[in-house]
Amino acid sequence: MGNKKDVAIKAKQKKQFDIRGAFKKPALAALAGVSDVAFRELCKGFGAGVTFSEMVSAKAVWYGYKSGKHFKTLDLLKTSDTEDIKGVQIFGSDADIISEIVGYDIFDKYDIIDVNMGCPMPKIVNNGDGGALIKKENWDKAKNILTRLVKATKKPVTIKTRAGFNSNTAVEFAKMARDCGIAAISVHPRTVQQLYKGRADWGVIKAVKATLDIPVFARGDIFSAQAYFDVLDQTGADGAFIARGSFGNPFIFAEISAVQNCSPTNNSPFATKIKDSPNPTKKETSPKLLKDNPVPATLLKDTILQHIDLSLKHFGERYTVLTMRKHILWYFAKASLPKKLKAQATTLNCTNQLKDFIVSTL
Ligand SMILES: Cc1cc2nc3c(=O)[nH]c(=O)nc-3n(C[C@H](O)[C@H](O)[C@H](O)COP(=O)(O)O)c2cc1C
């Protein structure tokens with residue numbers, strides 16, 4: 304007989320949820336160096352649906368967990384009760400390790416296990432992980448990882464992939480992954496070799512969606528609420544991930560939900576213009592009305608201060624100063640603030656200075 308906590312955890316593991324339903328709201332993508340628990344809480348507050356951890360190395364978890372001591376990757380696995388449906392993203396290419404670690408209790412609080420099969424960073428690809436797994440010669444390896452993982456966990460297994468390694472092989476790869484029993488797939492429609500160059504070809508997502516019967520989620524160049532609705536319209540995808548579009552702009556989630564929940568009782572500041580519209584409907588109002596809706600300065604200030612406090616709560620002073628400098632530059636770029644303020648932001652070296660700077664600037 305397990306204790307109360309074990310029973311609760313087991314019940315949660317079995318929790319069946321409708322993955323399509325969970326992605327009715329925009330999801331926050333796994334973003335290394337960005338989607339820590341503080342940023343995820345912030346985005347959740349603005350209306351994000353499923354939130355994903357930064358990618359974690361399967362090997363680092365495997366070695367670290369066995370040591371019995373605190374290891375660095377554990378910080379990436381922190382979650383918050385304010386998050387609703389939580390996804391953890393794993394990268395690695397050793398099927399034994401991946402299927403073993405998902406049984407560790409440190410993953411209990413996660414609802415979805417996502418495998419990275421698309422990261423283009425050389426240090427990941429050269430190690431045979433991430434985007435290397437979609438090279439044709441590695442498809443058997445990818446297949447083995449997914450088959451083993453699906454057997455090893457009761458949780459839905461999803462993958463994040465790209466159009467292909469150096470050419471578009473998305474549909475074939477997606478079919479192979481689907482046959483391994485994955486619950487859903489998300490596609491960033493650029494090749495690994497393309498990195499972030501050129502435009503994301505949403506046609507690739509459309510082709511995958513037209514082929515598969517499992518949910519397909521879109522990624523790529525979703526920098527505005529308009530782009531979010533456009534990608535869903537143009538591809539038929541079951542949901543979409545916000546990635547770079549959230550940098551300095553967690554408000555994007557509020558903009559999207561203001562459109563989705565467009566009604567006279569919506570109190571979001573982003574809904575003002577929608578309410579003013581004579582005949583607000585999702586498709587007609589979203590693009591035009593949201594375009595000229597700048598984030599009010601007080602909201603920007605309060606949000607940055609809240610972000611600093613959330614980060615302090617989870618990670619402490621040093622981490623917060625280093626990561627918040629980067630976030631503040633993004634917030635300022637998004638708000639088109641003068642360049643000299645950006646330079647000033649990079650010189651601040653304690654959170655009190657960061658806060659004073661934000662209060663006096665905004
Ligand atoms: C700084 C940064 C970190 C990222 N980290 C991850 C990651 O950990 N896992 C992942 O699957 N994708 C990661 N991505 C890719 C994004 O999740 C997303 O798929 C990609 O940026 C395409 O969406 P976008 O064009 O809307 O930004 C990262 C992207 C950036 C810019």
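Residue numbering for the sequence shown follows my numbering, starting at 304 and increasing by one per position.
Even glycine gets a Cβ: it sits at the ideal position worked out from N, Cα and C.
Please read these numbers as outputs of a predicted model, since none were measured by experiment.
1. Going by DSSP in three states, Asp612 sits in which element: helix, strand or coil?
2. Using the C-alpha atoms, what's the distance from Cys653 back to Pro459?
3. Are the beta-carbon atoms belonging to Glu357 and Asp339 less than 9 angstroms from one another?
4. Which of helix, strand or coil does DSSP assign to Leu345?
5. May I ask you to report which of helix, strand or coil DSSP gives Ile393?
6. Taking 8 angstroms as the cut-off, is the CB of Lys463 close to at least one heavy atom of ligand 1?
7. Consider the C-beta atom of Cys422 and the heavy atoms of ligand 1; say whether any pair is separated by less than 8 angstroms.
8. Residues in its own chain within less than 6 angstroms of Ala487 by CB, not counting five upstream and five downstream?
9. Considering only the alpha carbon of each residue, which of Val562, Arg621, Ala648 lies closest to Trp633?
10. Which residue wins for smallest C-alpha separation from Gly539, given the options Gly551, Leu515, Ser560, Leu665?
11. Can you tell me whether DSSP reads Pro492 as helix, strand or coil?
12. Tell me, to the nearest whole angstrom, how far the beta carbon of Pro329 is from that of Ile545; I am working on the premise that it is less than 8 angstroms.
13. Find out if the Cβ-Cβ distance for the pair Met548, Ala561 is shorter than 9 angstroms.
14. Less than 9 angstroms between the beta carbons of Leu380 and Ile409, yes or no?
15. At a cut-off of 8 angstroms, is Gly506 close to ligand 1 when judged by its beta-carbon and the heavy atoms of the ligand?
16. Can you tell me whether Glu386 is buried or exposed, with buried defined as 16 or more other CB within 10 angstroms of its CB?
17. Taking the alpha helix (DSSP H) that Phe660 belongs to, which residues open and close that run?
18. Measuring only the C-alpha atoms, how far is Pro590 from Leu535?
19. Whole-angstrom Cβ separation of Val428 and Ile416, contact assumed at under 8 angstroms?
20. Looking only at its chain, what residues have a beta carbon closer than 7 angstroms to the beta carbon of Asn552, apart from the 5 residues adjacent to it on each side?
21. In chain order, what residues of the same chain have a beta carbon less than 6 angstroms from the beta carbon of Leu593, not counting five sequence neighbours either side?
22. Assign Gly431 to one of three DSSP states: helix, strand, or coil.
23. Among Leu613, Gly619, Thr650, Gln609, whose alpha-carbon lies nearest the alpha-carbon of Arg628?
24. Between Met420 and Ile437, is the Cβ-Cβ spacing less than 9 angstroms?
25. What span of residues does the alpha helix (DSSP H) with Met479 cover, start to end?
26. Could you spell out the range, first to last residue, of the alpha helix (DSSP H) harbouring Asn447?
27. So Met479 packs on Trp505, CB below 8 angstroms; how close in whole Å?
28. DSSP on Arg465, reduced to helix/strand/coil?
29. Which parts of the stretch 351-418 are runs of the alpha helix (DSSP H), unbroken and 4 residues or longer, counting only runs that do not cross its ends?
30. Count the other CB atoms, across all protein chains shown, that sit within 10 Å of the CB of Gly523; report buried if there are 16 or more and exposed otherwise.
31. Look up Ala335 in the DSSP assignment and say whether it is helix, strand or coil.
32. Measuring alpha carbon to alpha carbon, tell me which residue in Asp482, Phe320, Leu644, Glu403 is nearest Lys362.
33. Flag Arg522 as yes when its Cβ comes closer than 8 angstroms to any non-hydrogen atom of ligand 1, and as no otherwise.
34. Which residues does DSSP list as the beta-bridge partners of Val519?
For this structure:
1. helix
2. 41 angstroms
3. yes
4. helix
5. strand
6. yes
7. yes
8. Counting only Cβ-Cβ distances below 6 angstroms, and skipping sequence neighbours, we find Ile322, Thr461, Ile517, Pro518.
9. Ala648
10. Leu515
11. strand
12. 5 angstroms
13. With the sequence shown as reference, residue 548 is identified as Gly, and Met is not the correct amino acid for it. No, these two residues do not count as a Cβ contact at 9 angstroms.
14. yes
15. no
16. buried
17. For Phe660, the enclosing alpha helix (DSSP H) begins and ends at 654-664.
18. Low local confidence applies: a pLDDT of 38 at Pro590 is under 50, so the model's placement there is unreliable, and no value is given.
19. That belief does not hold up - the Cβ atoms of Val428 and Ile416 are roughly 21 angstroms apart, past 8 angstroms.
20. Lys637
21. Confidence is the limiting factor: at Leu593 the pLDDT is only 41, short of 50, which leaves the residue's position unreliable, though a coordinate-based value still follows. The residues are Ala528, Glu558.
22. coil
23. Closest by alpha carbon: Thr650.
24. Between Met420 and Ile437, the gap from beta carbon to beta carbon is short of 9 angstroms.
25. 473-482
26. 442-455
27. Actually they are not in contact, since the Cβ atoms of Met479 and Trp505 sit about 22 angstroms apart, beyond 8 angstroms.
28. strand
29. 361-370, 376-379, 398-404
30. buried
31. coil
32. Glu403
33. yes
34. Ile488
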